[in-house]
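Colleague: One structure, as structure tokens, below. Some questions next.
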Amino acid sequence: MNGTPTASAPVLAAYSYCEAVTAQQAGNFSYGIRLLPTAKRRAMSALYAFSRRVDDIGDGTLDAASKTLRLEETRALLDRIREGTVDEDDTDPVAVALTHAARRFPIPLGGLDELIDGVQMDVRGETYETWDDLALYCRCVAGAIGRLSLGVFGTVPGARDAARASEYADTLGLALQLTNILRDVREDAANGRTYLPAEDLAKFGCSAGFHSATPPPGADFTGLVQYEVRRARALFAEGMKLLPMLDRRSGACVAAMSGIYRRLLDRIAQDPRAVLRGRVSLPGREKAYVAVRGLSGFDARSVHRQTVKGRA
Numbered sequence: 001m002n003g004t005p006t007a008s009a010p011v012l013a014a015y016s017y018c019e020a021v022t023a024q025q026a027g028n029f030s031y032g033i034r035l036l037p038t039a040k041r042r043a044m045s046a047l048y049a050f051s052r053r054v055d056d057i058g059d060g061t062l063d064a065a066s067k068t069l070r071l072e073e074t075r076a077l078l079d080r081i082r083e084g085t086v087d088e089d090d091t092d093p094v095a096v097a098l099t100h101a102a103r104r105f106p107i108p109l110g111g112l113d114e115l116i117d118g119v120q121m122d123v124r125g126e127t128y129e130t131w132d133d134l135a136l137y138c139r140c141v142a143g144a145i146g147r148l149s150l151g152v153f154g155t156v157p158g159a160r161d162a163a164r165a166s167e168y169a170d171t172l173g174l175a176l177q178l179t180n181i182l183r184d185v186r187e188d189a190a191n192g193r194t195y196l197p198a199e200d201l202a203k204f205g206c207s208a209g210f211h212s213a214t215p216p217p218g219a220d221f222t223g224l225v226q227y228e229v230r231r232a233r234a235l236f237a238e239g240m241k242l243l244p245m246l247d248r249r250s251g252a253c254v255a256a257m258s259g260i261y262r263r264l265l266d267r268i269a270q271d272p273r274a275v276l277r278g279r280v281s282l283p284g285r286e287k288a289y290v291a292v293r294g295l296s297g298f299d300a301r302s303v304h305r306q307t308v309k310g311r312a
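Okay, structure coming up:
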């Protein structure tokens, strides 16, 4: 850490902008972020707003060359943030907020370089032959976010196995991203993207893709989904070992985010074909309930039990 810089009026305004972006667009993540104390909530909102900008470039309507240029411009901005040359009067509120957050917390900003690398993989239209190939992509776009978040959360003094905290945060990111991939399999197919490993698709007769509400003829789509669900649950079980290393509010944030995604994964497992009919989601009241459970510490105590039960 580089001390604890005070937040001037322009910096507070920049944080307010990032918090508004987070509230409007963060979806599942916003429920966890709300549970954090002010300084950490602001820092996480700045991280989210920058990450959202990167994702929006990848998901936008520009051609590949224009997207690549925009991503490199964003990387150049990240370099300025890293170097501390963005001042509080800069016209980009996300850059102002993230610069302040990086001075306040030991955030490994290289994780945002990894995110940009991952989105560039999307722009190039890369596909993945094996799980190891896909895991590399997931580490860029989600594992890196876990490690960035850990820079804000920190670990409690004397936490057992704290040297592995970054590894667990990374693994938790993979679990969340694989859940996203299962949820969005038809939407991604409509956009010309296939994320699930080619060898898994072939194993279950699903290499033809997912362009309708019914699986390809002869495909064992349910078998494919259950196979990936088991993989995601194993990742959750490993990644949630991070929780005892965090303070109560940070642990609640992680428990809320992860709890929402684990419930989403359970819903997909119960009706695998639902992801071909439309986006599977949880109602807002259920997400809020999971967040409250996280704050109470219930999820932190019971996550191992629930995950093992789900894998049975």
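Numbering (the numbering used here), first residue to last: 1 to 312. Think of the CB as a built atom: it goes at the ideal place given N, C-alpha and C, for glycine as much as any other residue. Keep in mind it's a predicted model, so treat the numbers as computed, not measured.
1. In or out: Cys-18 buried (at least 16 other Cβ within 10 Å) or exposed?
2. Can you tell me where the alpha helix (DSSP H) with Ile-145 in it begins and where it stops?
3. Over what stretch of residues does the alpha helix (DSSP H) that includes Pro-314 continue unbroken?
4. Less than 6 Å between C-beta atoms, sequence neighbours within five positions excluded: which residues of the same chain meet that for Asn-2?
5. Could you give the DSSP three-state label for Ile-57: helix, strand or coil?
6. Any chance you could list the alpha helix (DSSP H) runs of at least 4 consecutive residues sitting entirely within the segment 231-284, in chain order?
7. Would you report the Cα separation of Ser-8 and Arg-273, rounded to the nearest angstrom?
8. Just the Cα atoms here: how many angstroms apart are Gly-284 and Ser-30?
9. At the level of alpha carbons, what is the spacing between Leu-62 and Arg-160?
10. Within a Cβ cutoff of 6 Å, which residues of the same chain sit near Val-185, ignoring the five residues on either side of it in sequence?
11. If you draw a straight line from the C-alpha of Thr-307 to the C-alpha of Arg-124, how long is it?
12. Rounded to whole angstroms, what is the Cα-Cα separation between Ile-107 and Pro-215?
13. In chain order, what residues of the same chain have a beta carbon less than 7 Å from the beta carbon of Thr-22, not counting five sequence neighbours either side?
14. Where does Asp-212 land, buried or exposed, given buried means 16+ other C-beta within 10 angstroms?
15. Taking the Cβ atom as the reference point for each residue, do Val-152 and Lys-40 lie within a distance shorter than 7 Å?
16. Which residue from Leu-69, Glu-228, Arg-267, Asp-188 puts its Cα closest to that of Lys-203?
17. Give me, in chain order, the residues of the same chain whose beta-carbon lies closer than 6 Å to that of Leu-12; leave out the 5 immediate sequence neighbours on both sides.
18. Ends of the alpha helix (DSSP H) at Cys-18?
19. Where does Lys-309 sit, in a helix, a strand or coil, going by DSSP?
20. Whole angstroms is fine: what's the gap from Val-119's alpha carbon to Gly-58's?
21. For a quick check, are the C-beta atoms of Leu-174 and Cys-138 less than 7 Å apart?
22. Could you give the first and the last residue of the continuous alpha helix (DSSP H) run that contains Gly-32?
23. Between the Cα of Asp-133 and those of Cys-206, Gly-111, Arg-53, Leu-178, spot the shortest distance and give me the residue it belongs to.
24. Distance check for Ala-95 and Ala-162, CA to CA, integer angstroms please.
25. Is DSSP giving Tyr-195 helix, strand or coil here?
26. Identify the continuous alpha helix (DSSP H) that holds Arg-70 and give its terminal residues.
27. Can you tell which of Asp-89, Tyr-128, Leu-235, Ser-51 has its C-alpha closest to the C-alpha of Leu-109?
28. By the 10 Å Cβ neighbour count, where 16 or more other Cβ atoms means buried, how is Leu-246 classified, buried or exposed?
29. Please report how far the alpha carbon of Leu-77 lies from the alpha carbon of Tyr-15, in whole angstroms.
Modeller: In brief:
1. Label assigned to Cys-18: buried.
2. 144-153 is the extent of the alpha helix (DSSP H) around Ile-145.
3. Residue numbering for the chain in the displayed model covers 1 to 312; residue 314 lies beyond these limits and cannot be assessed.
4. Low per-residue confidence applies at Asn-2: pLDDT is 44, beneath 50, and the placement is therefore not dependable, though the value from the model is reported in the following sentence. Result list for Asn-2: Arg-103, in chain order.
5. In this structure, Ile-57 counts as helix in the three-state DSSP scheme.
6. Counting only runs of 4 or more, we get 248-270, 274-277.
7. A direct Cα-to-Cα measurement between Ser-8 and Arg-273 gives close to 51 Å.
8. Looking at the two C-alpha atoms, the distance is approximately 11 Å.
9. A direct Cα-Cα distance of roughly 47 Å separates Leu-62 from Arg-160.
10. Excluding sequence neighbours, Val-185 sits near Phe-210, Val-275.
11. Note that Thr-307 has pLDDT 39, beneath the 50 cutoff, so the model's placement of it is unreliable and no number is given.
12. Whole-angstrom Cα-Cα distance: 43 Å.
13. So the qualifying residues of the chain are Ser-30, Ile-33, Ser-45, Tyr-48, Ala-49.
14. Checking the sequence shown, residue 212 turns out to be Ser, not Asp. The Cβ neighbour count for Ser-212, taken over all protein chains shown within 10 Å, is under 16; the residue is labelled exposed.
15. Cβ atoms of Val-152 and Lys-40: closer than 7 Å.
16. Of the residues Leu-69, Glu-228, Arg-267, Asp-188, the one whose Cα lies closest to the Cα of Lys-203 is Glu-228.
17. Residues of the same chain with their beta carbon placed closer than 6 Å to that of Leu-12 are lacking, with the five preceding and five following residues left out of the count.
18. Going by DSSP, Cys-18 is part of the alpha helix (DSSP H) stretching over 9-25.
19. At Lys-309, the pLDDT of 43 sits below 50, so the modelled position is not reliable; the number obtained from the coordinates is stated separately. In the structure shown, Lys-309 adopts helical secondary structure according to DSSP, grouped into three states.
20. Rounded to whole angstroms, Val-119 to Gly-58 spans 6 Å at the Cα level.
21. Pairing Leu-174 with Cys-138 gives a Cβ-Cβ distance under 7 Å.
22. Counting along the chain, Gly-32 sits inside the alpha helix (DSSP H) bounded by residues 28-33.
23. Closest option to Asp-133, Cα to Cα, is Leu-178.
24. C-alpha separation (whole angstroms): 30 Å.
25. Three-state result, Tyr-195: coil.
26. Where Arg-70 is concerned, the enclosing alpha helix (DSSP H) stretches over 64-83.
27. The shortest C-alpha to C-alpha distance from Leu-109 to any of Asp-89, Tyr-128, Leu-235, Ser-51 is the one to Ser-51.
28. By the neighbour-count rule (16 or more Cβ atoms within 10 Å), Leu-246 is buried.
29. So the two alpha carbons sit approximately 17 Å from each other.
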